[in-house]
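First the structure, in the form of structure tokens, and then the observations on it.
Right under this line is the structure:
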């Protein structure tokens with residue numbers, strides 16, 4: 163089949179490579195311009211460079227809604243569009259232009275976790291598995307009928323970086339297999355149950371700020387979710403920003419005021435956490451490694467040389 167690829171970053175790069183290695187003919191690639199945002203610098207393999215090295219025409223667009231792009235699509239006459247990690251709205255006249263429509267590949271088990279940063283949000287919410295969905299695009303973002311879906315388990319110590327690598331391996335195969343389903347003539351794809359849908363926004367600075375009234379279990383997942391090379395969870399110590407690089411949950415219960423630097427336990431330092439901490443019913447966040455505002459990474463035992471004082475959500 164003649165395929166147009168809409169894609170960006172490493173997800174798009176791996177999908178394009180799989181399409182190039184398949185029996186299908188990629189006739190045009192559309193990708194976003196390089197961005198300077200923190201999350202656009204993560205997993206930034208270039209779709210543009212891969213397409214160029216394969217001799218495929220490339221159009222660079224922030225939004226695919228101009229006449230020049232539409233005419234280019236009409237000229238190449240694709241049988242299908244494949245979209246992977248495309249960040250902006252694709253108008254109906256574009257996604258319905260090919261006879262077989264547009265196959266969108268999203269790194270979540272839809273209908274849950276539509277939208278942005280699904281792996282981070284899923285890990286924060288303690289989901290037992292994550293995965294990838296290939297679905298037909300319709301007018302509602304990430305809501306079209308499901309063509310294929312594949313899942314991987316979330317391990318107890320997995321970070322978002324771990325989940326990225328697990329799910330990235332699925333992108334190429336599910337894209338090619340999804341095209342196979344379309345080429346076979348099958349059209350009885352499963353509609354999404356919209357009663358189970360959830361839609362999440364892009365991650366931003368406020369989303370990685372530590373709130374010490376959260377339970378230690380949730381804070382531990384926040385630290386795992388914001389693993390390098392993603393921007394890492396942070397708080398403040400003596401008015402200076404402090405990133406939490408690695409953490410877990412304490413064995414013992416530590417009561418008191420949330421944010422209190424309390425006690426050495428094993429290979430970490432406990433910090434009181436949870437809205438009910440004052441009642442002595444909450445475990446603490448066990449901080450194991452930190453990074454200072456000067457970029458120095460230290461074991462918690464080396465950074466917290468004395469106990470006492472507080473970690474805060476804002477400088478003071």
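In my numbering, the protein residues as written are 163 to 478. Even glycine gets a Cβ: it sits at the ideal position worked out from N, Cα and C. Small disclaimer: the values here were computed from a predicted structure and weren't measured.
For residue 425, the enclosing beta strand (DSSP E) starts and ends at 423 to 427. Linking residue 410 to residue 250 through their CA atoms gives a straight-line distance of about 36 Å. Within 10 angstroms of the beta-carbon of residue 302 lie fewer than 16 other beta-carbons, which makes it exposed.
By a beta-carbon distance limit of 8 Å, residue 452 contacts residue 404. Their separation comes to about 6 Å. In the DSSP assignment, residue 315 falls within the beta strand (DSSP E) that extends over 308 to 315. With fewer than 16 other beta carbons inside 10 angstroms of its own, residue 443 counts as exposed. In the DSSP annotation of this structure, residue 398 is not part of any alpha helix (DSSP H); the continuous beta strand (DSSP E) holding it starts and ends at 396 to 399. Relative to residue 397, the option among 356, 381, 231 and 323 whose CA is nearest is 381.
Beta-bridge analysis with DSSP links residue 276 to 361. Residues of the same chain with a CB within less than 6 Å of the CB of residue 395, apart from the 5 flanking positions on each side, are 370, 372, 384, 385, 388 and 406 in chain order.
For the alpha helix (DSSP H) assignment, the uninterrupted runs of no fewer than 4 residues enclosed by the segment 196 to 251 are, from N- to C-terminal side, 209 to 215 and 229 to 238.
Under DSSP, residue 411 shares a beta bridge with 447. Burial check for residue 467: the Cβ neighbour count within 10 Å stays below 16, so the residue is exposed. In the assembly as shown, residue 198 is an exposed residue. Its beta-carbon has fewer than 16 other beta-carbons within 10 Å.
Annotation: residue 360 to residue 354 spans about 12 Å, alpha carbon to alpha carbon. In this structure residue 299 is in contact with residue 263, their Cβ atoms being roughly 7 Å apart against a cut-off of 8 Å. Between residue 351 and residue 308 a beta carbon distance of about 6 Å is seen, short of the 8 Å cut, so the two are scored as contacting. For residue 470, no beta strand (DSSP E) encloses it, and the DSSP letter there is neither H nor E. Residue 293 is bridged by DSSP to 313. When rounded, the separation of the alpha-carbon atoms in residue 460 and residue 227 is 48 Å.
With respect to residue 172, residue 206 sits close: the two C-beta atoms are nearer than 8 Å. For residue 423, the CB contacts under 7 Å within the same chain, skipping 5 residues up- and downstream, are 431, 433, 466, 469, 470, 471, 472 and 473 in chain order.
Look at residue 301 here: in three-state DSSP terms it is coil, with no helix or strand label. Under the DSSP assignment, residue 342 falls outside any beta strand (DSSP E), being part of the alpha helix (DSSP H) whose first and last residues are 322 to 345.
The beta carbon of residue 401 sits closer than 6 Å to the beta carbons of 477 from its chain, once the five residues preceding and following it are set aside; these are given in chain order. The beta carbon of residue 336 sits closer than 7 Å to those of 267, 294, 296, 310 and 312, all from its chain and outside the five residues before and after it, given in chain order. Among the bridge pairs identified by DSSP, residue 193 is matched with 222. In the structure shown, residue 174 adopts helical secondary structure according to DSSP, grouped into three states. In the DSSP assignment, residue 384 falls within the alpha helix (DSSP H) that extends over 378 to 387. Following the DSSP letters along the chain, one finds residue 257 inside the alpha helix (DSSP H) bounded by residues 254 to 257. Annotation for residue 268: the continuous beta strand (DSSP E) segment containing it runs 264 to 268. Per the DSSP secondary-structure output, residue 188 pairs in a beta bridge with 165. DSSP lists no beta-bridge partner residue for residue 457.
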